[in-house]
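Protein sequence lines, in the order shown, are assigned to chains A and B.
Residues 49 to 241 in my numbering are what the first sequence lists, from first letter to last.
Residues 49 to 241 in my numbering are what the second sequence lists, from first letter to last.
Remarks on the structure that follows.
There are 2 protein chains.
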Amino acid sequence: MTNQHFLYNVFKPSDFTTDELETIIPKFKEVKFNKNDFFLNEGQTANKYWLVQSGFVRSYVIDTEGNDITTNFYSVGDIVIDWSSFFLRNPTRENIQALTECVCWQLDFDTFQQLFHSIKNFREQGRTTLVGSYFALKNHSISMIADEAKDRYLRLLKEKPHLIQNISLKQIATYLGITDTSLSRIRKEIATK
Amino acid sequence: MTNQHFLYNVFKPSDFTTDELETIIPKFKEVKFNKNDFFLNEGQTANKYWLVQSGFVRSYVIDTEGNDITTNFYSVGDIVIDWSSFFLRNPTRENIQALTECVCWQLDFDTFQQLFHSIKNFREQGRTTLVGSYFALKNHSISMIADEAKDRYLRLLKEKPHLIQNISLKQIATYLGITDTSLSRIRKEIATK
DNA sequence: TAGTTTTCTTGCCATAAGGCAAGTTTTATT
DNA sequence: AATAAAACTTGCCTTATGGCAAGAAAACTA
């Protein structure tokens, strides 16, 4: 019997009836990933998503010059999903990969649809999660225009300090829209102040 | 009696039953905006959204240095909405303003909620629209990192050629993450080739 | 139509960030 | 522990883009 305690933290008894929780929670399946395992690969159509109980995950795309660009990092409590591939049923451009060992809870599309259309609270929460991702992406996008690289790095440090421990300089740099060389210099500048 | 023909193009009879259309369509109210009118102002909580039948709209934020940064452009067929303010019920950071005279169809939050929770096809379409916005934003964000300014401009020209007619250089420039000076030079470079 | 304001262009110079490559440190592998 | 492979730092120089300001062009306005 798996430990579903984590899921009661995502689907809170204050937001759902007991019946609803008993419908929702058992639909999630516990899955583990080893370091470097892929959740999703470019070209596939996402048919599942995951809630992260532990570990670190990164998503990235390969641009036209073959450079790897980090699009997001995920850790405990986050949802690992390619929203557009999952909901539009299109092949994705993204790769999603475990940076460390991960314990996750998985749900597939058909089960999601069934819950989404039958449980009002489930779709309210799902919508809130999606809009939250949209909001975060928009802020990141504005920051890319309005702030200089050093400030973007400082903000990331402040908001997700645990990332720095687990993720290589280069992967952080591309997330910030700069090269690893530049990030190394920014780091140095910060350290000597 | 207003002309609702436009709405039958958004809510297609192939996707909805006659009953559903007769429930949905009359809930939208036709509203007109004059040039420079605001749909939404920073600090307000969005309580409505609009479908654009005609005209051009721009959303922007003011950054910490007081610069105005364009976050999006909208034209015929687009939905004008601040997703996060509308769904998370938070004050917005955005300003949304008519660039030209506009004819729009307006829906308020409570009516939206009622339709969303009672009509399966309506929420499917709504989710698709939101995910489509997410996808567009993500591509824009990746482009900001992967492509140089000239290529971003060329891509915008190709995807939304009608914008160039209606929108000032400066407003386009901040959308592309560059200054009006730089965009002017890029334009010149393109012209002389 | 003349006058005023806004938008756009252009020159000059400054600066943030990139490209490349060598060297160093850290982390994996056997 | 020894070796190999990654990851990170740093120097040197290049490049894309920015800042400012003046002038030209276009768009309003009275």
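Glycine residues also receive a C-beta, built at the ideal position from the N, C-alpha and C atoms.
Note that the structure is predicted; figures quoted are calculated from it, not measured.
query	result
Near-chain B residues of the segment 174-194 of chain A (beta-carbon distance less than 8 Å), N- to C-terminal order	R175, T176, L178, V179, G180, S181, Y182, F183, L185, K186, H188, S189, I190, M192, I193, A194
Boundaries of the beta strand (DSSP E) in which S107 of chain B is found, first to last residue	105-110
DSSP state of K60 of chain A mapped onto helix, strand, coil	coil
Candidates A:F121, A:D67, A:F135, A:K96, of which the one nearest I220 of chain A by Cα	A:F121
Which of helix, strand or coil DSSP assigns to D42 of chain B	The structure shown does not extend to residue 42 of chain B, since chain B spans only 49 to 241, so no value can be given for it.
Those runs of the alpha helix (DSSP H) which lie wholly inside the segment 173-228 of chain A and span at least 4 residues	197-207, 209-214, 217-224
Cβ pair Q154 of chain A, K83 of chain A closer than 7 Å	no
Limits of the unbroken beta strand (DSSP E) element including E78 of chain A	77-81
For F86 of chain A, three-class secondary structure by DSSP	strand
Exposed unless 16 or more other CB atoms sit within 10 angstroms - verdict on I127 of chain B	buried
Residues of the segment 126-151 of chain B with Cβ closer than 7 Å to any Cβ of chain A, in chain order	W131, S132, F135, L136
Cβ of K198 of chain B within 7 Å of any chain A Cβ	no
Sequence-distant residues of its chain with Cβ nearer than 8 Å to S230 of chain B (five each side left out)	A197, A221
Spatial distance of W131 of chain A from G180 of chain B (CA atoms)	9 Å
Candidates A:L136, A:E90, A:N115, A:F86, of which the one nearest K218 of chain A by Cα	A:N115
Closest by C-alpha distance to M192 of chain B, when choosing among B:E70, B:G225, B:H210	B:G225
Rounded C-alpha distance that separates R200 of chain A from F104 of chain B	32 Å
Chain B contacts made by the segment 62-90 of chain A, where a contact means CB separation under 9 Å	none
Exposure label - E142 of chain B; buried when at least 16 CB within 10 Å	buried
CB contact check: K168 of chain B to chain A, cutoff 7 Å	yes
Stretch-stretch touch, CB-based, cutoff 8 Å, three pairs: the segment 85-104 of chain A with the segment 182-191 of chain A	no
T240 of chain B, DSSP secondary structure in three states	coil
Buried/exposed call for T176 of chain A, threshold 16 Cβ in 10 Å	exposed
Partner residues on chain B for D111 of chain A, Cβ-Cβ distance less than 7 Å	A194
C-beta atoms of T118 of chain A and R106 of chain A nearer than 7 Å	yes
Backbone secondary structure at Q154 of chain B - three-state DSSP	strand
7 Å Cβ cutoff, G114 of chain A in contact with chain B	no
Beta-carbon proximity list for I167 of chain B, same chain, < 6 Å, skipping 5 on both sides	E68
Three-state secondary structure (DSSP) of S123 of chain B	coil
Inter-residue CB distance, L99 of chain B and C152 of chain B (contact presumed, cutoff 8 Å)	6 Å
Where H165 of chain A meets chain B, residues with beta-carbon distance less than 7 Å	K168
Inter-residue Cα distance where the pair is D63 of chain B and S62 of chain A	36 Å
Exposed unless 16 or more other CB atoms sit within 10 angstroms - verdict on T66 of chain B	exposed
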